[in-house]
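Enquirer:
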Amino acid sequence: MSRDRALLERALDRGEQDGGNVEFKERLSRDVHLEGGRRESLAAQLRHRLLSGDGEATYVVGVTDDGGLAGIDPDTFSETMDVLSLLAEEADAHIEDVQTWGINDGLVGVAQVREGGVLETDDEHVVVGTAGHVDHGKSTLVGSLVTGKADDGDGATRAFLDVQPHEVERGLSADLSYAVYGFDDEGPVRVRNPNRKADRADVVQNADRLVSFVDTVGHEPWLRTTIRGLVGQKLDYGLLVVAADDGPTRTTREHLGVLLATDLPTIVAITKTDTVDQQRVDEVEREVERLLREVDKSPLRVSRHGVDAAVDEISERVVPIVETSAITMDGLETLDELFDRLPKTSQDTGEFRMYVDRSYSVTGVGAVASGTVMAGEVEAGDELLIGPMADGRFQEVEVRSIEMHYHRVDKAQAGRIVGIALKGIKESAIERGMVLLPREADPDPVREFEAEVMVLNHPTRIGEGYEPVVHLETIGEAAAFYPENGRLLPGDSGTTTVRFKFRPYLVEEGQKFVFREGRSKGVGTVTDVTPME
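In terms of full-length UniProt numbering, the sequence shown has 131 at position 131, counting the first letter as 1, and numbering is strictly consecutive.
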């Protein structure tokens with residue numbers, strides 16, 4: 001017997017011993033189990049199982065009525081999960097977790113159903129993008145914020161974020177990670193056990209106000225990923241960290257440049273204040289103030305002027321500075337108060353639109369596209385378009401389900417970081433930089449556009465054919481520049497034609513972007529687009 005099969009049979013044995021909250025089903029289908037009185041009967045059965053299990057029920061699918069292992073094909077398993085999800089909604093519950101095993105060339109799954117309906121996402125939700133040099137404590141600070149736990153001095157709380165095992169082992173983030181906490185009338189609502197997905201879901205369900213963090217990468221080789229995190233998400237604020245034992249670095253300046261290029265209101269957190277004396281903290285704070293003034297920003301020390309002033313004055317021009325330590329927890333109450341009181345800044349305009357940041361496949365669910373909803377809202381069952389494909393086509397898909405920080409939601413509005421399970425497309429066909437739109441939209445794929453750009457730094461002049469990587473929304477693509485006047489020098493602003501090198505994307509007038517090649521970088525705004533013919 002294989003190890004997986006042995007694990008499954010042990011799970012089935014436990015289920016039989018648990019008794020009343022376990023239900024065995026071979027399959028569920030829309031045309032049989034949702035018709036007539038069957039739907040109401042099965043929903044009542046689910047409510048009984050939940051009552052027997054103190055709010056939790058286990059559904060084992062792909063098995064016979066007596067618990068024998070049968071296995072069903074992936075499409076049937078996916079339909080079964082869809083039907084079970086609808087039954088759960090009718091019973092004011094939701095599917096919390098699904099485990100699957102391969103049996104007899106098919107699938108057997110164990111679904112955990114939990115009392116409590118899917119979440120309405122009407123509450124205010126602020127999204128914060130972090131930035132800063134490697135080892136300056138971004139992830140550790142965020143980990144301590146969302147859990148209320150002090151770090152141990154070795155970055156233990158950074159593991160509380162949604163990171164990969166190899167990143168924890170190396171102590172370096174290599175991709176974007178995410179975290180969430182919130183607030184209610186009594187104060188912060190934190191993640192109790194960061195290693196349980198359900199606890200993050202509980203925060204989403206119970207908080208009146210949510211704060212999501214998009215934690216970027218501080219190591220210089222991954223600057224491209226950092227730019228994607230700051231440009232490709234619908235952020236409300238930036239949080240730039242500077243370690244008191246190191247001070248601002250070249251990477252600090254790079255990340256600050258990206259934040260300011262996107263006109264994002266930003267807070268600077270001086271981290272690791274426990275590692276140095278106050279004189280050094282003051283020295284680093286003065287360095288940060290000089291750096292901000294160099295780029296025409298006005299620093300505001302929160303320790304001197306107070307949280308009220310920071311909330312009232314933070315803007316594209318005014319940058320609050322907070323002294324913090326994830327070990328002593330100094331300054332974290334100040335950040336709590338700021339994130340509880342700061343208003344949402346991103347605006348929701350137009351119909352639903354979401355640029356894809358990641359894609360993955362979930363057994364029994366299928367292809368999932370993850371990203372930040374940029375405009376409008378989306379609901380389970382909506383019919384959408386995804387694309388453009390390499391040839392410019394858009395493909396029709398349907399929304400199976402939506403998750404936000406591991407919590408199933410009935411709909412998602414602008415600013416939400418979500419995973420959308422899609423019917424009608426394979427995960428292998430989804431690429432970063434694609435966009436999801438309403439089915440009735442008539443999008444034009446774009447290979448070439450005009451832009452107003454500013455060159456922030458470059459060793460020589462930029463001439464025709466210059467090929468940086470353009471970061472626009474979640475797009476990160478090599479593109480050729482053709483300046484109107486033939487060249488652009490460091491510090492210059494001007495008009496240029498930009499042509500994607502390999503494939504088309506959806507680009508619209510007014511969108512901002514960052515371009516970078518080596519240590520050269522600049523910013524731009526799309527002024528006109530040329531649809532593909």
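Beta carbons: idealized from backbone N, C-alpha and C, even for Gly.
Under 8 Å: do the stretch 88-102 and the stretch 37-47 share three or more Cβ pairs, one atom per stretch?
Expert: They touch, by the three-pair rule.
Enquirer: What are the partner residues of Pro188, as DSSP defines its beta bridges?
Expert: Answer is Phe183.
Enquirer: Between which two residues does the alpha helix (DSSP H) holding Ser315 run?
Expert: That residue, Ser315, is in no alpha helix (DSSP H); it is neither H nor E in DSSP.
Enquirer: With contact counted as at least three CB pairs below 8 Å, one residue from each stretch, are the stretch 287-299 and the stretch 339-346 in contact?
Expert: The stretch 287-299 is not in contact with the stretch 339-346.
Enquirer: Throw me the rounded Cβ distance for the Ala375 and Glu351 pair, which I believe falls under 8 Å.
Expert: At roughly 7 Å, the Cβ-Cβ gap stays under 8 Å, so Ala375 and Glu351 are in contact.
Enquirer: At the level of alpha carbons, what is the spacing between Ala207 and Val127?
Expert: Cα to Cα, the separation comes out at about 15 Å.
Enquirer: Which runs of the beta strand (DSSP E) at least 3 residues long sit entirely within the stretch 482-521? Give them in chain order.
Expert: Whole beta strand (DSSP E) segments, 3+ residues: 493-500 and 512-517.
Enquirer: Taking C-alpha atoms, which residue in Val281, Ser401 and Ala441 lies nearest to Leu384?
Expert: Residue Ala441 is the option with its Cα nearest to Leu384.
Enquirer: Does the stretch 395-406 come close enough to the stretch 318-325 to have 3 or more Cβ pairs within less than 8 Å?
Expert: Judged by Cβ distances under 8 Å, the stretch 395-406 makes no contact with the stretch 318-325, as fewer than three pairs qualify.
Enquirer: Provide the residue span of the alpha helix (DSSP H) that contains Ala44, from first to last.
Expert: Note, Ala44: alpha helix (DSSP H), Arg38 to Ser52.
Enquirer: Checking contacts by CB at 8 Å: is Gln395 closer than that to chain C?
Expert: Looking for chain C here will not work: only one protein chain is present.
Enquirer: Within 10 angstroms of its Cβ, does Asn21 collect 16 or more other Cβ (buried), or is it exposed?
Expert: Looking at its Cβ environment, which holds 16 or more other Cβ atoms inside 10 Å, Asn21 is buried.
Enquirer: Pair every Cβ in the stretch 482-493 with every Cβ in the stretch 448-456, then say whether three or more of these pairs are closer than 8 Å.
Expert: The stretch 482-493, when compared against the stretch 448-456, does touch it at the 8 Å Cβ threshold.
Enquirer: Note down, in chain order, each residue of its chain lying with its Cβ closer than 7 Å to the Cβ of residue 541, except the 5 sequence neighbours on either side.
Expert: Residue 541 is absent from the structure shown; the chain starts at 1 and stops at 533.
Enquirer: When the Cα of Pro438 is compared with those of Leu28, Val446 and Glu398, which residue comes out closest?
Expert: Ranking the options by Cα distance to Pro438, first place goes to Glu398.
Enquirer: I need the straight-line Cα distance from Asp199 to Glu294, nearest angstrom please.
Expert: Each residue's alpha carbon lies about 43 Å from the other.
Enquirer: How many Å lie between Leu50 and Glu23 at the Cα?
Expert: About 11 Å.
Enquirer: Go ahead and pull the three-state DSSP assignment for Met81.
Expert: Helix, per DSSP.
Enquirer: Considering only the alpha carbon of each residue, which of Arg253, Lys149, Val189 and Lys272 lies closest to His136?
Expert: Minimum Cα distance to His136 is reached at Lys272.
Enquirer: Can you list, in chain order, the residues of its chain whose CB lies under 7 Å from that of Leu332, leaving out five sequence neighbours each side?
Expert: These residues qualify, in order along the chain: Ser144, Leu145 and Thr324.
Enquirer: Looking at the secondary structure, which residues open and close the alpha helix (DSSP H) in which Glu289 lies?
Expert: First-last of the alpha helix (DSSP H) with Glu289: Gln278 to Glu294.
Enquirer: Would you mind stating whether Val281 and Gly247 have Cβ atoms separated by less than 8 Å?
Expert: No.
Enquirer: Can you tell me where the alpha helix (DSSP H) with Asp340 in it begins and where it stops?
Expert: That run of the alpha helix (DSSP H) goes Leu332 to Arg341.
Enquirer: Quick check: the stretch 497-507 against the stretch 388-396, are there 3 or more CB pairs under 8 Å?
Expert: Flag = yes, the stretch 497-507 and the stretch 388-396 touch.
Enquirer: Apply the 10 Å Cβ neighbour rule to Trp222 and answer buried if 16 or more other Cβ atoms are within range, or exposed otherwise.
Expert: Caution applies to Trp222, whose pLDDT of 39 falls short of 50 and renders its modelled position unreliable; the value that the coordinates give is listed next. It is buried - the Cβ of Trp222 has at least 16 other Cβ atoms within 10 Å.
Enquirer: Have a look at the DSSP bridge pairing and note the partners of Pro531.
Expert: Per DSSP, Val446.
Enquirer: For Leu86, which of Ile420, Ser29, Val191 and Tyr466 has the nearest alpha-carbon?
Expert: Residue Ser29 is the option with its Cα nearest to Leu86.
Enquirer: Please go through the stretch 92-157 and give each complete beta strand (DSSP E) segment of 3 or more residues, from N-terminal end onward.
Expert: For the stretch 92-157, whole beta strand (DSSP E) runs of length 3 or above, ordered along the chain, are 93-103, 106-115 and 125-132.
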